[in-house]
Structures are given as structure tokens and as C-alpha cells.
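Residue numbers (my numbering): 70 to 186.
Note that beta-carbon positions come from the ideal geometry of N, C-alpha and C, so glycine has one too.
Fair warning: this is a prediction, and the values are worked out from it, not measured in the lab.
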Amino acid sequence: MDVTAKWLIDRIDNLRGEKNMSEYRLCELSGVTTSTMSAMRRRTSMPQIQTIQKICDVFGISLSDFFKPTAEPKSGMYLSDKEMEIVTYLRNMTEADFILVLTYAKALSDAYSSREK
70 MDVTAKWLID RIDNLRGEKN MSEYRLCELS GVTTSTMSAM RRRTSMPQIQ
120 TIQKICDVFG ISLSDFFKPT AEPKSGMYLS DKEMEIVTYL RNMTEADFIL
170 VLTYAKALSD AYSSREK
């Protein structure tokens, strides 16, 4: 698996998640064809820098912002792309929804912990 291609798609997916935007809508707004996006997702082609710039324009970020690490170290710990995606969703929730998700996550964790014993 090409780590760079995976990182690019994960980064685009995280940006889309922050804006609650479908891949199809991103293609519409950026002018990037769905076949190009599909080839990137399948890792059969790497995007040209102009393609990434078009995507950055949609999100209002620079190329340097696009390529900045998305997770900041905290006590030597880094978040994976999937963990960052969850954090992004949590940041956009109301306090009530956040409490519901936290309660659900704790219940799941407790259920899995009790199975392991």
C-alpha cells in the first residue's frame, strides 16, 4: 500500500468531513473529475499538484496547510487520521450530542472490557 496515496485520500476525507461535504460535491466545486478522484482512492494514480490546489481552493486552505500534519503531539502521542476524524465530528457537536456520544462510547468500552475478562 502506498502510504502517500493513502495519506492524501485520508486528508481529503478529513477536510470533507469537517465541511460535511460529499466526494461528488467536492468534485463539482473543484472541477476535479469523479474518475480522477476514484483513481486516487484506488491508488492507481497520484494527483498532480494542480489537482490538490483545486481541492485546497474549495476548502479555503493553502497547499502548505494541506500538507501540515493534522495531529499535534500531546505528551508524545499522535492521533491517527481516523482519530482526527472523530475529534473533528466531536468538535462540531452540541454539548447534548457530545454527552450522548461519550455515554455510548463508555458503554461500548465497558461491554468490550467485560467480554475480555
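| Asked | Found |
| --- | --- |
| Buried/exposed call for Met162, threshold 16 Cβ in 10 Å | exposed |
| Selected residue, minimal CA-CA separation from Asp134, among Lys75, Ala180, Arg80 and Lys175 | Arg80 |
| Buried or exposed by the 16-neighbour rule on C-beta atoms within 10 Å, applied to Ile124 | buried |
| Own chain, CB closer than 7 Å to Lys175, minus 5 neighbours either side, in chain order | none |
| For Tyr93 and Phe136, the rounded distance between their alpha carbons | 22 Å |
| Delimiting residues of the alpha helix (DSSP H) encompassing Arg94 | Glu92 to Ser99 |
| Cut-off 8 Å between Cβ atoms - residues of its own chain near Ser91, not counting five sequence neighbours on either side | Arg85 |
| Cβ neighbour criterion (16 or more within 10 Å) applied to Lys151 | exposed |
| Per-residue burial, Leu77 [other beta carbons within 10 Å of its own, 16 or more giving buried] | buried |
| 8 Å Cβ shell around Ala74 - same chain, five flanking residues per side excluded | Met109, Arg112 and Met115 |
| Contact check, Asn89 vs Glu154, beta carbons under 8 Å | no |
| Nearest-angstrom Cα separation, counted from Tyr181 out to Val170 | 16 Å |
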